Amino acid sequence: MPRWFALTRALFESARFSRALSLCVVGSAFLTTAIKDVIGWPGLIGVLAAVTAVAICSFIAHWDVIEWHGLLPVSLLVFVGWCAVSVVWSTYQWATLAAVIYQWIFTFLALYLALVRDAIQIVRVIGDVLRVLLAASLALEVLSGLLIDAPIKFLGIAGNLAQGGPISGLFGSRNQLGLVALIAVVTFIIEWRTKSVTLGLAVFSVAVALLCLLFANSPVIAIMIVIILLAAAALFGIRHIRRERWKFAVQVSLGGVTLALAVLAFIFRAPIIELLHGRSVITVRYEVWLQMWHLIPVNELLGWGWIGFWRGSLPPYSLINAMTGAPHANGLNAFLDVWLQVGLVGFLLFLLLLGLAMGRSWLLGSNKRSVIYAWPPLILIALIGTAMAESTMLYESGWMLTVICTVKASQGMSWRQALPVAPERTGEQGRGPAH
């Protein structure tokens, strides 16, 4: 083996290089909106292409130390595969092909993080990135809203901080900023509980995230804060139950209570919306959902074709924008968006993917001793809950987090782990599995 090749491989498989690359991967995923605002789609594609190329090299260097048995969840592979196959019947094939490649990029980057980095390392990387991005968002909002009293148009910052918000920071919208801040709060607390950061840094980080939540002034995220608090209380309560029989009874009871609360929330949705001053938010979404619901039956089984971000110049999205009188980049509901794009089959596959990921991660979080197992279910709850009013779960950072949580849940509870492992090869013609 040439010396230069050995040195290059040693670089790509080193721990420091993997951490630096992981920071770049997560930072790129969360900064896509800001990157597009500054240098446009060509610049973003260039950034993602460079990061992906380096990640491929690092992934190959780590190939021998990845234990593949039962890791990649079939539900994830089938859903991504179905989105890719939709290019066959898509009414906008070139746009679908581009959207599929875009989805694959973030799927691969998420798989790189999930397979090369362990859970604590992933939480640390995401925590470090969100600490910087949220602090930068607040700093830019202070600059825009208090110091120069003018919007920063190329970043989409309106300068509303002096009026108490809403603010969007580097994330394009108040709902996206709120979701990122909510994910950050969960991540920072898990960091502290695992002793990955000092108490002072944890307090500073949570304070920054809470300020972002406060000034984002998002009714959608306000509901999610309550849900996350209840879910966290239930999860950590179950973790402290020692007897398995009692734990099972509590899990079943909790499922029933959750279903009952969901039904009550649906019945009393109008007063809840009024309480949160969210009527204007729901009105806009209802108009979009109504148009989507009318168009879904046109291609109900297979859908119109995967597209991720909507293209306003292509039907049926141009028709929806015309009927609602405003341009929309997505369907403002991940579930309806999936149904519209990849049909009833894709919708059911998406539900299967989320159901298995949520069930596995919740069981791991409530039964495993380490508190790190509480991170995936709480993140999934935040993503799934927000998906009722936003489609950000389907692409970029939202999709990346979904894939990471899905793979980590599969690592702990895959049915394929019960299958026999291939016998270890010996001799000069092969090597055994890496550990």
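Numbering that gives the first Met the number 0 puts the first residue of the sequence shown at 0, with every later residue one more than the last. Even for Gly, the Cβ is constructed at its ideal location relative to N, Cα and C. Bear in mind that the values here come from a model prediction, so they are computed numbers and not experimental data.
Measure the Cβ-Cβ separation of residue i and residue j and say whether it is below 8 Å.
i	j	result
L178	I220	yes
L112	I403	yes
C211	G155	no
A450	L377	Here the chain has residues from 0 to 434 only, and residue 450 is not among them.
L234	A373	yes
A157	V207	no
L393	A328	no
L400	L382	yes
G307	Q92	no
M223	G384	yes
A94	L313	yes
Q129	T197	Checking the sequence, you will find Leu at residue 129 rather than Gln. Contact flag unset, no.
L351	S74	yes
G311	W81	no
V249	I237	yes
S85	W305	yes
Assuming residue i contacts residue j (C-beta within less than 8 Å), just tell me the rounded distance between them.
i	j	result
I371	A14	Not a contact, Cβ separation roughly 18 Å.
S27	V46	6 Å
A60	F11	4 Å
D336	S390	5 Å
Quick one: residues in its chain with C-beta nearer than 7 Å to the C-beta of residue i, no 5 flanking neighbours on either side, listed in chain order?
i	result
E286	T323
G429	Any reading at G429 needs caution, since the residue's pLDDT is 38, under 50, leaving its predicted position unreliable; the model's value is listed next. No residues qualify anywhere along the chain.
N298	G342
A215	G164, P165, I166, R173, L176, G177, A180
S21	L112, R116, V124
E427	Confidence at E427 is low in this model, with a pLDDT of 37, below 50, so the placement of that residue is unreliable and no value is reported for it.
A33	L154, L169
Can you give me the Cβ contacts of residue i inside the same chain, cut-off strictly under 6 Å, excluding the 5 residues immediately before and after it?
i	result
M357	L379
L418	Because L418 carries a pLDDT of 47, less than 50, the predicted location of this residue cannot be relied on, and no value is offered for it.
L294	P315
A421	Summary for A421: the model assigns pLDDT 47, below 50, so the residue's position carries little reliability; its value from the coordinates is reported in the next sentence. Excluding residues within five positions, none has a Cβ falling inside 6 Å.
W414	In this predicted model, W414 has a pLDDT of only 48, less than 50, meaning its place in the structure is not dependable; the value taken from the coordinates is given anyway. Result list for W414: empty, nothing under 6 Å.
F58	Y111
G364	L234, Y372, A373, P376
R2	none
Rank the options by C-alpha distance to the C-alpha of residue i and give the top, closest one.
i	options	result
V205	A408, K194, E190, P218	E190
L145	A83, A135, N159	N159
A321	G304, L339, M291	M291
I302	G42, W88, F29	The question names Ile, yet the displayed sequence has Gly at residue 302. The option with the nearest alpha carbon to G302 is W88.
F29	A231, K152, P375, A183	A183
A161	G397, V99, L137, G330	L137
V25	V37, V50, W305	V50
F170	G397, L335, T405, R18	G397
W40	T186, S252, A98, L348	A98
R284	P218, I226, I237, F349	P218
Q340	S369, L129, V79	V79
G126	S195, A109, L96	S195
K367	V251, T405, V406, I240	I240
L43	I104, R2, V84	I104
L253	W361, F203, G199	W361
Run through the DSSP bridge pairs and tell me what residue i is partnered with.
i	result
I156	I151
Take residue i and list the residues in its own chain whose beta-carbon comes closer than 8 Å to its own, dropping the five residues that flank it on each side.
i	result
A433	Residue placement at A433 cannot be trusted, given a pLDDT of 36 that sits under 50; what the coordinates show is reported in the next sentence. So the qualifying residues of the chain are D63, V64, I65, E66.
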